[in-house]
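Engineer: Everything in the sequence shown is counted per the UniProt record's numbering, starting at 1 for the first residue and increasing by one.
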Amino acid sequence: MNQYDQQKGEGTFSVDELIPENKSYYHYIGSLTTPPLTEGVEWYVMKNVLEVSAEQLQRFIDIHGRNNRECQLINERKVFSYNE
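Structural data, given as structure tokens:
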């Protein structure tokens, strides 16, 4: 499978390997960061920062592009916090 310069290797991979042990997160209803900026999108944001290399970040940007929207104020939005 070659899509967006991806390759499928043999073997198995568990997505759990990408998630930190502490699974605490924030949850809120927001909008897309790219056109059409659709509202009503549910966001789940991990509290613990995961690090990526500069090369990984650049490859992600090359595939998906950048956000078209700056961070928005919370306004009346409710942000829920889940602590593990």
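Heads up, the beta-carbon is just placed ideally off N, CA and C, and yes, glycines get one too.
As the structure is a prediction and not an experimental result, all values here were calculated from the model.
Can the beta-carbon of residue 25 be found less than 8 Å from the beta-carbon of residue 49?
Structural biologist: As a first step, residue 25 must be located in the sequence shown, where it is residue number 25. As a first step, residue 49 must be located in the sequence shown, where it is residue number 49. No.
Engineer: Do the segment 62-70 and the segment 9-26 touch if we need at least three Cβ pairs shorter than 8 Å?
Structural biologist: no
Engineer: Which residue comes first and which comes last in the beta strand (DSSP E) that contains residue 29?
Structural biologist: Within the sequence shown, the letter at position 29 stands for residue 29. Note, residue 29: beta strand (DSSP E), 25-31.
Engineer: So, residue 23 versus residue 84, is the Cβ gap smaller than 8 Å?
Structural biologist: Translated into positions along the sequence shown, residue 23 becomes position 23. Translated into positions along the sequence shown, residue 84 becomes position 84. It is a contact, given that the beta carbons lie within the stated cut-off.
Engineer: Using a Cβ-Cβ cutoff of less than 6 Å, which residues in the same chain neighbour residue 27 once the five nearest sequence positions on both sides are dropped?
Structural biologist: On the sequence shown, position 27 is the one that residue 27 refers to. Hits under 6 Å: 44, 80.
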